[in-house]
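Colleague: Quick note: our numbering has the sequence shown finishing at residue 154, numbered continuously throughout. For every residue, glycine included, the Cβ atom is placed at its ideal position computed from N, Cα and C.
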Amino acid sequence: MVFVLGIVSLLLFIQIKYINSNDFYRNSSNHSINSLIMQFNYLKSKAIKDNKPITLIFNTFSSEIIVREPMFENPPLKLPQDTFIHPRTNVNYLTFNKNGDTNKFGTLYITNNKTIYKVIFHIEKGRMRYEKM
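#1: Starting from L77, follow the beta strand (DSSP E) in both directions and report where the run begins and ends.
#2: Run through DSSP, which three-state label would N133 get?
#3: Over the uninterrupted beta strand (DSSP E) stretch that includes M150, give me the two end residues.
#4: From the DSSP output, read off the bridge partner residues of Y63.
#5: Look at I78 and I86 and say whether their C-beta atoms are less than 8 angstroms apart.
#6: Using the Cβ count rule (16 or more neighbours within 10 Å means buried), how would you classify L33?
#7: Going by CA-CA distance only, name the one from K135, D71, N113 that's closest to T104.
#8: Could you please give the first and the last residue of the uninterrupted beta strand (DSSP E) stretch that includes I106?
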(Lines of atoms letter the chains of each structure in order from A and count residues from 1; the text may use other names and numbers.)
(Lines give C-alpha, C1' and ligand atoms only; values in the text may rest on other atoms or scores of the structure.)
Protein backbone atom coordinates (compact mmCIF):
# COMPACT_ATOMS: atom_id res chain seq x y z
CA MET A 1 0.00 0.00 0.00
CA VAL A 2 2.88 2.40 0.76
CA PHE A 3 4.36 1.57 -2.66
CA VAL A 4 1.07 2.46 -4.43
CA LEU A 5 0.76 5.72 -2.45
CA GLY A 6 4.33 6.61 -3.41
CA ILE A 7 3.61 6.12 -7.12
CA VAL A 8 0.36 8.13 -6.93
CA SER A 9 2.05 10.99 -5.06
CA LEU A 10 4.91 11.03 -7.61
CA LEU A 11 2.43 11.24 -10.49
CA LEU A 12 0.52 14.05 -8.76
CA PHE A 13 3.75 15.94 -8.11
CA ILE A 14 4.77 15.72 -11.77
CA GLN A 15 1.28 16.77 -12.94
CA ILE A 16 1.12 19.80 -10.61
CA LYS A 17 4.60 20.95 -11.62
CA TYR A 18 3.66 20.69 -15.32
CA ILE A 19 0.38 22.61 -14.90
CA ASN A 20 1.97 25.44 -12.93
CA SER A 21 4.75 25.97 -15.48
CA ASN A 22 2.26 26.12 -18.35
CA ASP A 23 0.10 28.66 -16.53
CA PHE A 24 3.17 30.78 -15.84
CA TYR A 25 4.20 30.93 -19.49
CA ARG A 26 0.65 31.55 -20.65
CA ASN A 27 0.02 34.39 -18.19
CA SER A 28 3.46 36.04 -18.11
CA SER A 29 2.90 38.05 -21.30
CA ASN A 30 -0.51 39.28 -20.07
CA HIS A 31 1.10 40.18 -16.76
CA SER A 32 3.83 42.24 -18.44
CA ILE A 33 1.29 44.15 -20.58
CA ASN A 34 -0.87 44.81 -17.49
CA SER A 35 2.23 46.06 -15.70
CA LEU A 36 3.02 48.41 -18.59
CA ILE A 37 -0.53 49.80 -18.55
CA MET A 38 -0.20 50.37 -14.79
CA GLN A 39 3.04 52.30 -15.39
CA PHE A 40 1.28 54.45 -18.00
CA ASN A 41 -1.54 55.15 -15.52
CA TYR A 42 1.02 56.04 -12.85
CA LEU A 43 2.69 58.55 -15.17
CA LYS A 44 -0.71 60.03 -16.05
CA SER A 45 -1.50 60.40 -12.32
CA LYS A 46 1.91 61.94 -11.72
CA ALA A 47 1.28 64.51 -14.45
CA ILE A 48 -1.99 65.46 -12.72
CA LYS A 49 -0.40 65.58 -9.25
CA ASP A 50 2.66 67.60 -10.30
CA ASN A 51 0.61 69.81 -12.65
CA LYS A 52 3.25 69.25 -15.38
CA PRO A 53 3.10 67.40 -18.70
CA ILE A 54 4.88 64.08 -19.12
CA THR A 55 5.88 62.86 -22.59
CA LEU A 56 6.42 59.23 -23.59
CA ILE A 57 8.61 58.59 -26.66
CA PHE A 58 8.19 55.33 -28.58
CA ASN A 59 11.02 54.23 -30.89
CA THR A 60 10.39 51.22 -33.12
CA PHE A 61 12.34 48.04 -32.32
CA SER A 62 13.28 49.57 -28.97
CA SER A 63 12.96 47.65 -25.71
CA GLU A 64 12.39 50.79 -23.67
CA ILE A 65 10.07 53.79 -23.61
CA ILE A 66 11.68 57.18 -23.03
CA VAL A 67 9.98 59.36 -20.37
CA ARG A 68 10.46 63.14 -20.50
CA GLU A 69 9.33 65.53 -17.80
CA PRO A 70 10.15 69.26 -17.55
CA MET A 71 13.09 69.97 -15.26
CA PHE A 72 13.39 66.34 -14.15
CA GLU A 73 15.43 63.42 -15.50
CA ASN A 74 13.44 60.18 -15.62
CA PRO A 75 14.81 56.72 -16.30
CA PRO A 76 13.24 54.98 -19.31
CA LEU A 77 10.51 52.36 -18.87
CA LYS A 78 12.21 49.08 -19.61
CA LEU A 79 10.12 46.46 -21.38
CA PRO A 80 10.48 42.79 -20.32
CA GLN A 81 12.91 40.46 -22.03
CA ASP A 82 11.92 39.49 -25.62
CA THR A 83 9.59 42.51 -25.80
CA PHE A 84 9.95 45.44 -28.18
CA ILE A 85 7.95 48.17 -29.89
CA HIS A 86 6.60 46.86 -33.19
CA PRO A 87 7.12 49.00 -36.34
CA ARG A 88 3.33 49.14 -36.97
CA THR A 89 3.11 51.69 -34.16
CA ASN A 90 1.48 54.86 -35.49
CA VAL A 91 2.28 57.15 -32.57
CA ASN A 92 5.88 58.32 -32.00
CA TYR A 93 5.24 60.21 -28.81
CA LEU A 94 2.39 60.82 -26.40
CA THR A 95 2.00 63.58 -23.83
CA PHE A 96 -0.12 63.46 -20.69
CA ASN A 97 -0.97 67.06 -19.85
CA LYS A 98 -1.61 68.53 -16.39
CA ASN A 99 -5.24 67.31 -16.55
CA GLY A 100 -4.28 63.75 -17.48
CA ASP A 101 -5.50 64.11 -21.08
CA THR A 102 -3.42 62.92 -24.02
CA ASN A 103 -2.44 65.23 -26.85
CA LYS A 104 -3.42 62.79 -29.62
CA PHE A 105 -4.82 59.36 -30.23
CA GLY A 106 -2.93 56.43 -31.66
CA THR A 107 -1.95 52.81 -31.31
CA LEU A 108 1.22 51.41 -29.80
CA TYR A 109 2.03 47.88 -30.98
CA ILE A 110 4.16 45.79 -28.64
CA THR A 111 5.61 42.38 -29.48
CA ASN A 112 6.05 40.06 -26.50
CA ASN A 113 7.36 36.53 -27.13
CA LYS A 114 6.04 36.56 -30.73
CA THR A 115 2.61 37.78 -29.57
CA ILE A 116 1.51 41.23 -30.69
CA TYR A 117 -0.49 43.48 -28.39
CA LYS A 118 -1.91 46.83 -29.34
CA VAL A 119 -2.29 49.57 -26.76
CA ILE A 120 -4.87 52.07 -27.97
CA PHE A 121 -4.71 55.61 -26.58
CA HIS A 122 -7.85 57.77 -26.66
CA ILE A 123 -7.82 61.56 -26.46
CA GLU A 124 -10.60 61.93 -23.93
CA LYS A 125 -9.32 61.86 -20.34
CA GLY A 126 -6.17 59.92 -21.23
CA ARG A 127 -7.99 56.61 -21.54
CA MET A 128 -6.16 53.58 -22.86
CA ARG A 129 -6.88 49.92 -23.45
CA TYR A 130 -5.05 46.96 -24.91
CA GLU A 131 -5.95 44.01 -27.10
CA LYS A 132 -4.14 40.83 -27.96
CA MET A 133 -3.83 40.28 -31.69
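Modeller: So, from the listed chains and residues:
#1: Against the sequence shown, residue 77 aligns to sequence position 56. 75-78 is the span of the beta strand (DSSP E), which, as asked, contains L77.
#2: Position 112 of the sequence shown, counting from 1, holds the residue named residue 133. Strand, per DSSP.
#3: By one-based count along the sequence shown, residue 150 stands at place 129. The question names Met, but residue 150 is Arg in the sequence shown. Element bounds for R150: 149-153.
#4: Position 42 of the sequence shown, counting from 1, holds the residue named residue 63. Bridge partners of Y63: none, in fact.
#5: Taking the sequence shown and counting its residues from 1, one reaches residue 78 at position 57. Taking the sequence shown and counting its residues from 1, one reaches residue 86 at position 65. In contact: I78 and I86 (Cβ atoms closer than 8 angstroms).
#6: On the sequence shown, residue 33 is found 12 positions in, with the first residue counted as 1. Counting Cβ neighbours within 10 Å, L33 comes out exposed, since fewer than 16 surround it.
#7: Within the sequence shown, residue 104 is the residue found at index 83, counting from 1. Closest option to T104, Cα to Cα, is K135.
#8: The residue you call residue 106 lines up with position 85 of the sequence shown. Unbroken beta strand (DSSP E) run through I106: 104-106.
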